[in-house]
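Taking the working numbering, the leading residue of the sequence shown gets 1383, the next gets one more, and so forth. Since the structure comes first, as structure tokens, the remarks are kept for the end.
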Amino acid sequence: MANPSTQAPDNATTTDLFFARDFVQSSYTLLELPKSLEEYINNNSDNDQLSFQVRGLDTDTAVLCTPTQTFSLQRAHTSNMLLPIAPIVESRIRSSDGNRDIDMNIESNGFMDQFPPLEDKDALDGPQYERQAVLDILDSVLDLIPISPRLERLGQLLRQNPFEGWAQESHQKGHLYTWAQIQSIIQASDKEILQWLKKNHACLIEGHWRLFKVQFMYEILQEVLMTLNVLEMRADAVDIDKICQTIEEDGSAKETGIEKWMIEHCLKSFSNENETEGLISLSAQEVPTFLGTYLLSRIGRGNQQKLEVFVKEWEKSLHGHFQADLVCLAGECIVELDRVIDRNQTIKSIRYFSKSHLPNDPAMRFTALFEIKAKWEAQEIRPFLRDLVLDEKKLDILLLKHARSVKQPGGDVIYSSRIISKK
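Shown next as structure tokens:
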């Protein structure tokens, strides 16, 4: 008696597989779609808007981008061979309409003559049509894994030729980048690229995306804040036209090459989304962050300044419109205890230490952080890691993998390196 496990079920059908004469293995690649990408495809009613692009340079690890997300492409080998197949009858039916979607080139195999004429509708249900053509033999699939956008190259390219007024343009000799060029070489979705450009106050100038030189943007912002005081105008109710007119009439603005469109760009770059009745509200987060980071950068990497001195200079640059809160500089500086004068008085110092200068590889970033400080409080280290992950949950996983945590009696968590240094 035959082994029951080897017998086909009663309702089983038999399929004949055929290889095309011009069959070439590894002609196809299978993608395993994550749920977010599957939903994007299913919810897209307009096929013209459905977009997938593999972006980056030839030397990059490939990523796939939709208009809003970035995915890494990772090959996963399967334990079984996969055979993608296509019905032979489909190829023949389509060819009769002059639209050969699948050209298997199998006429020479001899079995095509056995097919009944296409006009014989009843014959289409016959067993002779239960035949499939093998498209490929595969032993792997490509997994699509959501990742953080790889935007560090964009900053490196645009910072090579910053805009600092028309008077300095004759000295610019580097390459400038159009939107199409940025799309092709930056491994991020369009939405993520545009978010980065907005966050970094980039501007489209004569068809090229440019960053303003930090010092030049600082000068424009100082003109704006001082003019607010002259006009007795609040930072949360800025009249763009009045500000531009007043600054343009000021002789100092003409000397520095500041024009109306530059002022408008500055105001819109540092304003909140809501705009009513021609008034804008300058961001209480963005303005102090930019000015504070600029002042930190003037200290220089590796140098320290008394925290009290720095805060006074920072407050002065804000002209009374915003608070100089160190929370705004999270991920841009390190505050350290310099020395203790007595039990009731301590001296703190601050130094410029930006996450933008750290490696993008997680292991290398943790190594760099623990070389600077052996122990980090949770609220200190997290801002230096947020750009590596998509959400706070993944940040917790990253910390668990690369750092050792110790809970203090007061409930605070201290992180240290998992690697034991040899001295």
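All C-beta atoms in this analysis are idealised placements derived from N, C-alpha and C, irrespective of residue type, glycine included.
DSSP-derived helix/strand/coil call for aspartate 1769: Stepping through the sequence shown from its first residue, residue 1769 is reached at position 387. Three-state DSSP puts aspartate 1769 in a helix.
From Leu1412, Tyr1559, Leu1603, Ser1571, residue whose alpha carbon lies closest to that of glutamate 1588: If you number the sequence shown from 1, residue 1588 lands on position 206. Put simply, of Leu1412, Tyr1559, Leu1603, Ser1571 the residue whose alpha carbon is nearest the alpha carbon of glutamate 1588 is Tyr1559.
Which residues DSSP lists as bridging arginine 1786, in chain order: Within the sequence shown, numbered from 1, the residue matching residue 1786 stands at position 404. Note: arginine 1786 sits in a beta bridge opposite Ser1798.
Boundaries of the alpha helix (DSSP H) in which aspartate 1572 is found, first to last residue: Looking up residue 1572 in the sequence shown gives position 190. For aspartate 1572, the uninterrupted alpha helix (DSSP H) segment begins and ends at 1572-1581.
Helix, strand or coil at aspartate 1743 [DSSP, three-state]: Stepping through the sequence shown from its first residue, residue 1743 is reached at position 361. Secondary structure of aspartate 1743 (DSSP, three-state): coil.
Contacting residues, own chain, Cβ-Cβ under 6 Å from aspartate 1525 (five flanking each side not counted): Mapped onto the sequence shown, residue 1525 falls at position 143. So the qualifying residues of the chain are Glu1414, Gln1456, Ala1458.
Integer Cβ distance of leucine 1419 from asparagine 1426, believed to fall under 8 Å: As a working mapping, residue 1419 is identified with position 37 in the sequence shown. As a working mapping, residue 1426 is identified with position 44 in the sequence shown. Their Cβ separation, rounded to whole angstroms, is 11 Å, which puts leucine 1419 and asparagine 1426 out of contact at 8 Å.
Enclosing alpha helix (DSSP H) for tyrosine 1600 [first to last residue]: Here residue 1600 refers to the residue found at position 218 of the sequence shown. 1596-1612 is the span of the alpha helix (DSSP H), which, as asked, contains tyrosine 1600.
Separation of glutamine 1686 from serine 1736, as counted between CA atoms: Within the sequence shown, the letter at position 354 stands for residue 1736. Within the sequence shown, the letter at position 304 stands for residue 1686. Their backbone Cα atoms lie some 14 Å apart in a straight line.
As assigned by DSSP and simplified to three states, the class of alanine 1617: To locate residue 1617, count along the sequence shown from 1; it is residue 235. Here DSSP, grouped into helix, strand and coil, assigns alanine 1617 to coil.
Beta bridge counterpart(s) of lysine 1730 as assigned by DSSP: Looking up residue 1730 in the sequence shown gives position 348. Lysine 1730 pairs with Leu1719.
Segment contact flag, the stretch 1622-1641 with the stretch 1563-1575, C-beta cutoff 8 Å, min 3 pairs: No, the stretch 1622-1641 does not touch the stretch 1563-1575.
Glutamine 1550 classed as buried or exposed, judged by whether at least 16 other C-beta atoms fall within 10 angstroms: Locating residue 1550 in the sequence shown gives position 168, where the first residue counts as 1. That one is exposed.
Cysteine 1710: first and last residue of the uninterrupted alpha helix (DSSP H) it sits in: Counted from its first residue, the sequence shown places residue 1710 at position 328. Careful: cysteine 1710 lies outside any alpha helix (DSSP H) and carries neither H nor E.
Nearest-angstrom beta carbon gap, leucine 1465 and leucine 1412 [assumed within contact, 8 Å]: If you number the sequence shown from 1, residue 1412 lands on position 30. If you number the sequence shown from 1, residue 1465 lands on position 83. Not really, about 11 Å apart at Cβ, beyond 8 Å.
Whole-angstrom C-beta distance between aspartate 1618 and leucine 1664, which should lie under 8 Å: In the sequence shown, residue 1664 corresponds to position 282, counting from 1. In the sequence shown, residue 1618 corresponds to position 236, counting from 1. Indeed, because the Cβ distance is near 7 Å, the residues count as touching under 8 Å.
First through last residue of the beta strand (DSSP E) which encompasses threonine 1675: Reading the sequence shown from its first residue, position 293 is the one you call residue 1675. Residue range 1668-1681 is occupied by the alpha helix (DSSP H) that includes threonine 1675, with no beta strand (DSSP E) assigned at that position.
contact_flag[the stretch 1755-1770, the stretch 1705-1715] where n(CB pairs < 8 Å) is 3 or more: Per the Cβ contact rule, the stretch 1755-1770 is in contact with the stretch 1705-1715 (3 or more Cβ pairs under 8 Å).
Own chain partners of leucine 1613 with C-beta closer than 7 Å, once the 5 adjacent residues on each side are dropped: By 1-based counting over the sequence shown, the position of residue 1613 is 231. Cβ within range, chain order: Lys1624, Thr1628.
Exposure label - tryptophan 1643; buried when at least 16 CB within 10 Å: Within the sequence shown, the letter at position 261 stands for residue 1643. Tryptophan 1643 is exposed by the Cβ-count criterion.
Rounded separation between leucine 1610 and glutamate 1774 - CA only: Indexing the sequence shown from 1 puts residue 1610 at position 228. Indexing the sequence shown from 1 puts residue 1774 at position 392. The straight-line gap from Cα to Cα measures roughly 38 Å.
Distance between beta carbons of proline 1416 and proline 1531, contact taken as under 8 Å: Indexing the sequence shown from 1 puts residue 1531 at position 149. Indexing the sequence shown from 1 puts residue 1416 at position 34. At roughly 16 Å, the Cβ-Cβ gap does not stay under 8 Å, so proline 1531 and proline 1416 are not in contact.
Buried or exposed by the 16-neighbour rule on C-beta atoms within 10 Å, applied to alanine 1760: The residue given as residue 1760 occupies position 378 in the sequence shown. Its Cβ having fewer than 16 others within 10 Å, alanine 1760 is exposed.
For glutamine 1686, the three-state DSSP class (helix, strand or coil): Numbered from 1 along the sequence shown, position 304 holds the residue referred to as residue 1686. Strand, per DSSP.
Glutamine 1790: CB within 8 Å of a non-hydrogen atom of the ligand MG: Only the bare structure without any ligand can be found here, which leaves the ligand MG out of the picture.
C-alpha distance - serine 1738 paired with aspartate 1621, whole-angstrom precision: Sequence index remark: in the sequence shown, residue 1738 carries index 356 (1-based). Sequence index remark: in the sequence shown, residue 1621 carries index 239 (1-based). Those two C-alpha atoms are separated by around 34 Å.
Beta carbon of leucine 1649 nearer than 9 Å to that of proline 1670: The residue labelled residue 1649 in the question sits at position 267 within the sequence shown. The residue labelled residue 1670 in the question sits at position 288 within the sequence shown. Not a contact, by the Cβ cut-off of 9 Å.
8 Å CB neighbourhood of glutamine 1667 in its chain, flanking five on each side removed: Here residue 1667 refers to the residue found at position 285 when the sequence shown is read from its first residue. Result list for glutamine 1667: Cys1710, in chain order.
Selection from Ala1745, Pro1744, Leu1689 that minimises the alpha carbon distance to lysine 1720: Translated into the one-based positions of the sequence shown, residue 1720 becomes position 338. The sequence shown places aspartate at residue 1720, not lysine. It is Leu1689 whose Cα lies nearest to the Cα of aspartate 1720.
Same chain, Cβ closer than 6 Å to alanine 1785, five either side skipped, listed in chain order: To locate residue 1785, count along the sequence shown from 1; it is residue 403. Excluding sequence neighbours, alanine 1785 sits near Tyr1797.
Contacts around isoleucine 1470, its chain only, beta-carbon distance under 6 Å, and the 5 residues preceding and following it disregarded: For this step, residue 1470 is matched to residue 88 along the sequence shown. Within the same chain, isoleucine 1470 has close Cβ partners Arg1513, Ala1515.
Residue of Gly1792, Lys1776, Ala1750, Gln1790 minimising C-alpha distance to isoleucine 1801: Here residue 1801 is taken as the residue at index 419 of the sequence shown, counted from 1. Isoleucine 1801 has its Cα closest to that of Ala1750, out of Gly1792, Lys1776, Ala1750, Gln1790.
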